[in-house]
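If you're matching positions, the sequence shown starts at -1 in the numbering used here and goes up one per residue. All C-beta atoms in this analysis are idealised placements derived from N, C-alpha and C, irrespective of residue type, glycine included.
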Amino acid sequence: MDIVTQGLAGAILAQSFAKDKEVRVAMVVGFLAGLLADVDAVLTFFASDPLLQLDFHRHFSHSIFFIPIGGLCATLLMWPVLKKHLSFKRLLLFCTVAYATSGLIDTCTSYGTSLLWPFSDARIAWSIVSILDPLFSLALIIAIVLTLLKKNPRYAFAGIAFACSYLLLGFVQHERVRTMTMDLAQSRGHEVERIEVKPTMGNLLLWRAIYESKGSFYIDAYRASMLGDDKVYEGEKVKRFMASDLATLQVNSTMAKDIQRFDFFSSGFVALFTGKETMVGDIRYSMLANSSQPIWGIVLDMNQQDQHTPFVQYHDASKQTRQQFMSMLLGE
């Protein structure tokens, strides 16, 4: 999830393990330890290879098998400052449980997390909550503040219970939309080869669904009302990109290898877009739930195949796009 919510999750879990007099320091320790796993993105930020950040973000530092190491690293970093306030054992406990939230909560989103590294390089994404969800984050803040003011960990437990219930609701919504997508595909006479369902930004009502059939992706939006008034916003169709679509691509070139890396990162949900520049885009994400226009991709210059492909982002936050999003979210 977003980096602030990562810290909040770490803070509230650390508070739940704290004694009454420890809730303040546990909150601070948990918040900081909850952020530590995302240092992987910082380490590759200035690399000359634009895709290196995609390769390593949510990688080894988010693996469940790295949790003891991450917890220990956070403890050693904070021990010189907090040794007068906590024993090493208690600090290690707070840091470890807070660090443990990073990979698990990120896996609940749709970006993809190397949760089982080094035993598997698969990027796991349960796609049951948005990367940014204000309601989820606000609930954690309220629980953390109440725990701090009342000096009672039971409020932290209440916050954790709400968070788990919210994620369970996301799972239920995900499965509902998946069923609706399969029904729509069947009505079109399509055989679904792959399917991807994910919530749109900041809510569990409006969902984006993509399925592949006979070399093409079909993108639709669904408003999964909790009161039974569901709506389908049929969207666009786009051909799946294959490296063979580029006739002049050199098989062993840097560009060809970058395309393979980006395809792996995007779980194969890639399409070719041409215009002012040629781009391979990750169609899992778009500003509009039923649009094929991606928010990021790699630019291909066929005359410079020995160089790394630039990673570009396109965020259309125009008034028209915002209005269309809100119309679908409100079921209009």
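Exposed or buried, which one is residue i when buried takes at least 16 other CB atoms within 10 Å?
i, result
"Phe117", "exposed"
"Met324", "exposed"
"Lys148", "exposed"
"Ile126", "buried"
"His313", "exposed"
"Ala331", "Within the shown structure, residues of the chain are numbered from -1 to 330, placing residue 331 beyond reach of any answer."
"Ala98", "buried"
"Leu89", "buried"
"Ile1", "exposed"
"Asp304", "exposed"
"Gly295", "buried"
"Gln171", "buried"
"Cys106", "buried"
"Asp256", "buried"
"Ser163", "exposed"
"Met300", "exposed"
"Glu275", "exposed"
"Arg56", "buried"
"Leu137", "Note on identity: in this sequence residue 137 is Ala, with Leu being the wrong assignment. Buried."
"Asp243", "exposed"
Do you know how far the Cα of residue j is from the Cα of residue i?
i, j, result
"Gly266", "Ala39", "22 Å"
"Gly233", "Thr319", "15 Å"
"Leu333", "Gln4", "The requested residue 333 does not occur in the structure, where the chain is confined to residues -1 to 330."
"Glu330", "Ala154", "38 Å"
"Met240", "Met277", "13 Å"
"Gly363", "Gln184", "Because the chain in this structure spans residues -1 to 330, residue 363 falls outside the shown range and cannot be described."
"Lys235", "Ser214", "7 Å"
"Lys212", "Glu194", "16 Å"
"Gly157", "Arg238", "42 Å"
"Ser316", "Thr94", "42 Å"
"Ala141", "Ala96", "16 Å"
"Ile208", "Tyr283", "10 Å"
"Thr307", "Gly68", "32 Å"
"Glu173", "Leu166", "11 Å"
"Leu204", "Ala222", "6 Å"
"Leu75", "Ala7", "20 Å"
"Ser290", "Lys17", "51 Å"
"Ala123", "Thr73", "29 Å"
"Leu144", "Ser251", "57 Å"
"Leu70", "Val21", "20 Å"
"Asp47", "Tyr216", "32 Å"
"Ala13", "Gln51", "With the sequence shown as reference, residue 13 is identified as Gln, and Ala is not the correct amino acid for it. Taking the straight line joining both Cα atoms gives about 32 Å."
"Lys82", "Phe160", "34 Å"
"Ser264", "Val79", "41 Å"
"Leu146", "Asp119", "39 Å"
"Arg186", "Ser128", "29 Å"
"Ile10", "Arg121", "26 Å"
Going by beta carbon distance, what residues of the same chain come within less than 7 Å of residue i, once the five residues before and after it are set aside?
i, result
"Leu53", "Note on residue identity: the sequence assigns Asp, not Leu, to residue 53. So the list reads Arg259, once near-sequence residues are dropped."
"Glu189", "Ser211"
"Gln322", "Leu286"
"Ile293", "Tyr283, Ser284, Met285, Gln311, Tyr312, His313"
"Val175", "Val195, Trp205, Ala207, Tyr220, Ala222"
"Ala254", "Ala241, Leu247, Gln248"
"His60", "Ala35, Ser100, Gly101, Asp104, Thr111, Ser112, Leu113"
What residues in its chain sit with their C-beta under 6 Å from that of residue i, if we drop five residues either side in the sequence?
i, result
"Met178", "Tyr220"
"Asp261", "Val268"
"Met196", "Before going on, a small fix: residue 196 reads as Lys here, not Met. Closer than 6 Å at Cβ, skipping near neighbours: Ser108, Ser125, Arg206."
"Phe271", "Met277, Gly279"
"Ile218", "For the sequence presented, residue 218 should be read as Asp rather than Ile. The residues are Ala207, Glu232, Gly233, Asn288."
"Arg192", "Glu210"
Output needed for residue i: all residues of its chain with C-beta closer than 8 Å, excluding positions within five of it in sequence on either side, in chain order.
i, result
"Trp77", "Phe86, Leu89"
"Phe15", "Ala24, Leu91, Phe92, Val95, Pro151"
"Ser327", "The sequence as given places Leu at residue 327; Ser does not occur at that position. Thr198, Asn201, Leu203, Leu204, Arg221, listed in sequence order."
"Leu102", "Ile62, Leu113"
"Phe58", "Asp38, Phe64, Ser112, Trp115, Pro116"
Counting Cβ pairs closer than 8 Å, one from the region 53 to 66 and one from the region 128 to 141, do we hit at least three? no
I'd like the ranges of any alpha helix (DSSP H) spanning at least 4 consecutive residues and lying wholly in the region 144 to 211. 152 to 185
Within the region 209 to 265, ranges of the beta strand (DSSP E) (whole runs, at least 3 residues): 214 to 221, 229 to 237
Are the region 246 to 253 and the region 223 to 230 in contact at 8 Å, needing three or more beta carbon pairs? no
Inspect the CB distances between the region 107 to 116 and the region 21 to 30 and report whether three or more fall short of 8 Å. no
List in chain order: all unbroken alpha helix (DSSP H) runs of 4+ residues lying wholly within the region 83 to 123. 86 to 105
Enumerated in chain order, which unbroken segments of the beta strand (DSSP E) with a length of 3 residues or greater are wholly contained in the region 265 to 308? 268 to 271, 276 to 280, 294 to 298
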